[in-house]
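Residue numbers (my numbering), protein chains in the order written: chain A, 4 to 120; chain U, 8 to 120.
From the three backbone atoms N, C-alpha and C, an ideal C-beta is built for every residue, glycine too.
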């Protein structure tokens with residue numbers, strides 16, 4: 004079975020602060036994908052990033068950056084200089100190819116990020 | 008077209024009603040999914056269709072009946088629902104099952120009264 008844990012239920016910051024959202028995952032598979040999605044109040048899940056298990060390169064996209072460490076089974080997400088528009092629920096998710104988890108995208112519990120002006 | 012379109016966006020139904028949710032994609036994806044999301048919870052997988060055949064049913068009650076009439080269309084037929092079935096229903100698609108990319112629709116907010 005696979006599992007994703009987002010220990011931070013809610014985070015509140017003031018605009019321009021940097022914020023890191025933590026994600027820890029569990030899987031027995033050697034091949035898997037990790038994702039981050041943003042869900043604004045309107046409800047749609049907005050894809051932010053995908054990483055496969057063989058690519059530990061960190062990535063930066065504008066104010067967003069991701070740190071993938073297989074040694075600690077973590078895939079953390081940092082927003083630099085946060086803005087009010089970043090307020091949303093953020094989900095980390097895992098998709099693997101083995102056994103009973105095949106075909107299933109497993110989500111963490113989500114982190115509610117509120118950025119105050 | 009890189010979207011998954013879900014209709015209706017909002018639906019209110021009585022417990023004796025029959026209604027259907029519709030999901031459409033034109034990206035040539037051969038896997039389609041239904042997820043249910045309760046307030047303040049993550050999406051939970053309900054069904055997976057692969058090449059128009061049901062491949063995963065996560066022990067969903069029979070009052071939810073999925074249908075995949077063709078490779079672009081996925082329906083979820085609803086009958087005799089309970090108030091606790093009120094939720095956001097999300098459709099997603101991917102090139103294949105366990106693909107590296109999933110595209111989600113904006114969902115249908117269902118209220119059962």
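### Query
Would you call the CB atoms of residue 68 of chain U and residue 83 of chain U closer than 8 Å?
The answer is no: Cβ separation not under 8 Å.
### Task
Taking residue 113 of chain A and residue 8 of chain A to be in contact with their CB atoms under 8 Å, please state how far apart those CB atoms are, rounded to whole angstroms.
Actually they are not in contact, since the Cβ atoms of residue 113 of chain A and residue 8 of chain A sit about 11 Å apart, beyond 8 Å.
### Query
Assuming residue 36 of chain A contacts residue 98 of chain A under a Cβ cut-off of 8 Å, what Cβ separation, rounded to an integer in Å, is found between them?
Yes, residue 36 of chain A and residue 98 of chain A are in contact; Cβ-Cβ is about 5 Å, under 8 Å.
### Message
Check whether chain U comes within 8 Å of residue 107 of chain A, counting only Cβ atoms and requiring the distance to be less than that.
### Response
yes
#### Entry: Neighbouring residues, chain U, relative to residue 53 of chain A (Cβ below 7 Å)
The CB of residue 53 of chain A comes closer than 7 Å to the CB of 107, 108 in chain U, given here in chain order.
### Task
Figure out for me which residue from A/106, A/71, A/50 has the closest Cα to the Cα of residue 92 of chain A.
Out of A/106, A/71, A/50, A/50 has the C-alpha closest to the C-alpha of residue 92 of chain A.
### Message
Suppose you measure from the CA of residue 42 of chain A to the CA of residue 98 of chain U; what does that come to, to the nearest Å?
### Response
14 Å
### Task
Give every residue of the same chain whose Cβ lies closer than 7 Å to the Cβ of residue 10 of chain A, excluding the five residues on either side of it in the sequence, and list them in chain order.
Excluding residues within five positions, the ones whose Cβ falls inside 7 Å are 25.
### Query
Considering residue 51 of chain U, what are the terminal residues of the beta strand (DSSP E) in which it resides?
From DSSP, the beta strand (DSSP E) with residue 51 of chain U extends over 51–57.
### Message
For residue 31 of chain U, count the other beta carbons within 10 Å of its own beta carbon; 16 or more makes it buried, fewer makes it exposed. Which is it?
### Response
buried
### Task
Go ahead and label residue 100 of chain U buried or exposed: buried means 16 or more other beta carbons lie within 10 angstroms of its beta carbon, across all protein chains shown.
buried
### Message
Going by DSSP, what residue range makes up the beta strand (DSSP E) through residue 17 of chain A?
### Response
Start and end: 13–17.
### Query
Quick one: Cα of residue 64 of chain U to Cα of residue 54 of chain U, how far?
The alpha-carbon atoms of residue 64 of chain U and residue 54 of chain U are separated by roughly 5 Å.
### Query
What residues in the segment 46–59 of chain U bring their beta carbon closer than 7 Å to a beta carbon of chain A?
Listed in sequence order: 49, 50, 52, 55.
### Query
Are the C-beta atoms of residue 104 of chain U and some chain A residue less than 8 Å apart?
yes
#### Entry: Nearest-angstrom beta carbon gap, residue 14 of chain U and residue 25 of chain U [assumed within contact, 8 Å]
The C-beta distance from residue 25 of chain U to residue 14 of chain U rounds to 16 Å, too long to meet the 8 Å contact threshold.
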